[in-house]
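Trainee:
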Ligand SMILES: Nc1ncnc2c1ncn2[C@@H]1O[C@H](COP(=O)(O)OP(=O)(O)OP(=O)(O)O)[C@@H](O)[C@H]1O
Ligand SMILES: [Mg+2]
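This is the structure we're talking about:
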């Protein structure tokens, strides 16, 4: 998939080795501080798995990266674009960052194919035929080419989530965000979605994944980030992270989820 | 518990299949379940039946059995020397029917009204028939082409050989349809804008939308109509001063836009946040997100309510009567005073005819809305 990723070929940003840079980021919901002093640098092609207890701010962090949530202090540079409140740059960032949600969020009034071609056609101004061709290619990659003309409600959860992945990929993003992509799925469908993500990882995509799928983290992640109370508590490469957690909170958390 | 119940059980032979017991099938069971299921329901059923028995026969007798079907003037509808009771005087309706349809629209130009009805029916059909091809084009036709074409057709454009017809001559069904159609065609887009304004993060936009919606909704239509017909001329230069019909149209549009805004708002509120977020995450701008993702879904679930508002608006159009417009009801009102047809039953006939007309129109719209509602709740799909 790396070769089809060349929307901005010749763009000097492609050479930039840093995909996401977060410096001392703080965010509040009213008086409640959701994110505190977040520092994280994600290299191009790197795959990060973020885990942590419910309410620790994982989703919020992810949503800051594509500007679905504003933040109040610190710095966030995505694909060389510094995020501020400037709407223009928000659009630029969102074009380069794909997101997959826990609840899929497919557009129910559009067919699978239309879900996939909508943004390329209207945001990137790709001609319809070309957008459809690309969409069919990605649907094939996630192994549901035969569902292109169905409506989302006619698909299983696992199929819907794979459509959501294909839909995001159709925009040729440089960075992919996944917010608990498998936690709304029945167990037997988890694997098909993880497989699609593993294949994506093998193409060299930069990925930030909020997930508690430890097998997936071990197999795919370059680093695992553990969050608690809106802070990053520990970062390590997966084998070390699971075998020898250092912080007390990490140990406690791992002992709970591995039980 | 006498003998110890065994823990395990294995069925030795399949259970026999039987028909339901007599008490659960046939017309008696149906009656019991639907009409007499509890003492209270039984009383209700009996009271309702008595009311029907008391009301329906006289109505049928008046409208059909005792009705006069042929005749040239009032003589036919007067009680005869034999003292026979006289019902509805249908020859009166038959003779004045063209007045009820066209008002005083010039005789030679009435084909223009017929053409307008046809164009309107075509557009409405295209839009309301969900399986129709190219419905987006249908919407463009109904909301853009039709209004412009109708305006030229009905009020005239000497340059293309269509003589001017002053709106003071318009009347009857024509005016009722024009007022209702203009009300819908304009109030829907206006309502959408107001509903979006009400959700806006910009305080001024939000304030004006809320103020407009709440003010108009807090005032009876008749007040809005009077305000439009009295105050509108004060705001525009005299040369541009809108005629009576135009003022009424503005009043009706303003009024129904406020209601439409609330209908659309309910639809917007039903769209999950995830839809907005998915659209934003794909890089869609606000306008595209609304146009391509949010409004199509919101309007689709709102169609039954839009049709219901249309029914209400259709009935409300009768109020333009009070600002001097000759709508359908007003033409009947005028005709029944005609000495040629003055009989004790003329008024009742006219009103019965009006009631039938409004009932058939509104009831068919409601039927359509209900069918649609069932279909939409049956699931997403096409
Ligand atoms: N829009 C909001 N307004 C106010 N508080 C919010 C909002 N969104 C999230 N929060 C709060 O912020 C905190 C972090 O939320 P977040 O969704 O980022 O957690 P999470 O780590 O993703 O949890 P989970 O594993 O349950 O998804 C929670 O305490 C939540 O209640
Ligand atoms: Mg979350």
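Protein chains in written order, with the working numbering: chain A, 1 to 259; chain B, 1 to 382. We put the beta carbon where it would ideally sit given N, CA and C, even for glycine. All values reported here derive from a predicted model rather than from experimental measurement.
1) Verify whether the separation of the beta carbon atoms of residue 123/B and residue 138/B is less than 8 angstroms.
2) Taking beta-carbon pairs under 7 angstroms, can you tell me which members of the region 254-278 of chain B lie near chain A?
3) Taking the continuous beta strand (DSSP E) assigned at residue 177/A, which residues delimit it?
4) Do we get a CB-CB distance below 8 angstroms when we pair residue 203/B with the residues of chain A?
5) Can you tell me whether DSSP reads residue 113/B as helix, strand or coil?
6) Looking at chain B, which residues of the region 82-95 of chain A have a Cβ within less than 7 angstroms of any of its Cβ atoms?
7) Smallest Cα separation from residue 92/B: which of 86/B, 154/B, 71/B, 84/B?
8) Write down the C-beta distance between residue 65/A and residue 177/A rounded to the nearest angstrom, noting that I regard them as a contact closer than 8 angstroms.
9) Determine, using beta carbons only, whether residue 59/A and residue 190/A come nearer to each other than 8 angstroms.
10) Examine chain A for any beta-carbon lying closer than 8 angstroms to the beta-carbon of residue 448/B, and answer yes or no.
11) Determine which residues of the region 107-122 of chain A have a Cβ less than 8 angstroms from any Cβ of chain B, and write them out in chain order.
12) Considering only residues of the same chain and omitting the five flanking positions on each side of residue 233/A, which have a CB-CB separation below 8 angstroms?
13) With 8 angstroms as the C-beta to C-beta threshold (strictly closer), list the residues of the region 126-144 of chain B near chain A in chain order.
14) Are the Cβ atoms of residue 222/B and residue 322/B separated by less than 8 angstroms?
15) Just list the beta strand (DSSP E) runs in the region 85-124 of chain A, keeping only unbroken ones of 3 residues or longer that don't cross its boundaries, in chain order.
16) So, for residue 76/B: in the same chain, excluding its five sequence neighbours on each side, which residues have a beta-carbon less than 8 angstroms away from its beta-carbon?
17) How would you label residue 181/B, buried or exposed, when you count the other beta carbons within 10 angstroms and need 16 or more for buried?
18) Could you give the C-beta distance for residue 246/B and residue 187/B, rounded to a whole number, given that I count them as a contact under 8 angstroms?
19) Compare the C-alpha of residue 220/A against each of 202/A, 212/A, 231/A, 229/A and name the closest.
20) With three or more C-beta pairs closer than 8 angstroms as the rule, is the region 227-242 of chain B touching the region 160-174 of chain B?
21) Ignoring anything shorter than 4 residues or poking outside the region 325-365 of chain B, list the alpha helix (DSSP H) runs there in chain order.
22) For residue 285/B and residue 91/A, I'd like the C-alpha separation in whole angstroms.
23) With C-beta atoms as the reference, is residue 181/A less than 8 angstroms away from residue 100/A?
24) For residue 68/A, would you say it is in contact with chain B, using Cβ-to-Cβ distances shorter than 8 angstroms as the test?
25) Quick one: is residue 256/A buried, meaning 16 or more other Cβ sit within 10 Å of its Cβ, or exposed?
26) I'd like to confirm something about residue 229/A: is its beta-carbon nearer than 7 angstroms to some heavy atom of ligand 1, or not?
27) Looking at chain B, is there any beta carbon in it that lies within less than 8 angstroms of the beta carbon of residue 99/A?
28) Return the residue from the list 155/B, 146/B, 79/B, 133/B that minimises the CA-CA distance to residue 106/B.
29) DSSP three-state label for residue 223/B, please.
30) Closest to residue 45/A by C-alpha separation, out of 213/A, 242/A, 204/A, would be which residue?
31) Identify the contact partners of residue 150/B in chain A, using a Cβ-Cβ distance below 9 angstroms as the criterion.
32) Which chain B residues sit within Cβ distance under 7 angstroms of residue 103/A?
33) Output the boundary residues of the alpha helix (DSSP H) element that contains residue 253/A.
34) Since residue 89/B sits in a beta bridge, which residues does DSSP pair it with?
35) When we look at the beta-carbon of residue 209/B and count the other beta-carbons within 10 Å, is it buried (16 or more) or exposed?
36) Could you tell me the distance, in whole angstroms, from the CA atom of residue 283/B to the CA atom of residue 68/A?
Mentor: According to the structure shown:
1) yes
2) 274, 275, 277, 278
3) 175-179
4) Output row for residue 203/B: interface = no.
5) helix
6) Within the region 82-95 of chain A, the residues whose Cβ lies closer than 7 angstroms to some Cβ of chain B are 91, 94, 95, listed in chain order.
7) 71/B
8) 6 angstroms
9) no
10) One cannot answer for residue 448/B here, as it falls past the ends of chain B, which runs 1 to 382.
11) 107, 108, 109, 118, 119, 122
12) Excluding sequence neighbours, residue 233/A sits near 52, 226, 227, 247, 249, 250.
13) none
14) yes
15) Listed in chain order, the beta strand (DSSP E) elements of length 3 or more contained wholly in the region 85-124 of chain A are 97-100.
16) The beta carbon of residue 76/B lies closer than 8 angstroms to those of 68, 70, 89, 91 in the same chain, with the five residues before and after it left out.
17) buried
18) In fact, because the Cβ distance is near 16 angstroms, the residues do not count as touching under 8 angstroms.
19) Closest in alpha carbon position to residue 220/A, among 202/A, 212/A, 231/A, 229/A, is 202/A.
20) At 8 angstroms Cβ cutoff, the stretches do not touch.
21) Runs found: 328-335.
22) 8 angstroms
23) yes
24) Yes, its Cβ sits closer than 8 angstroms to a Cβ of chain B.
25) By the 10 Å Cβ count, residue 256/A comes out exposed.
26) no
27) yes
28) 155/B
29) helix
30) Closest by alpha carbon: 204/A.
31) By Cβ distance, chain A contributes nothing, its closest Cβ being about 31 angstroms from residue 150/B, past 9 angstroms.
32) 274
33) 248-257
34) 68/B
35) buried
36) 11 angstroms
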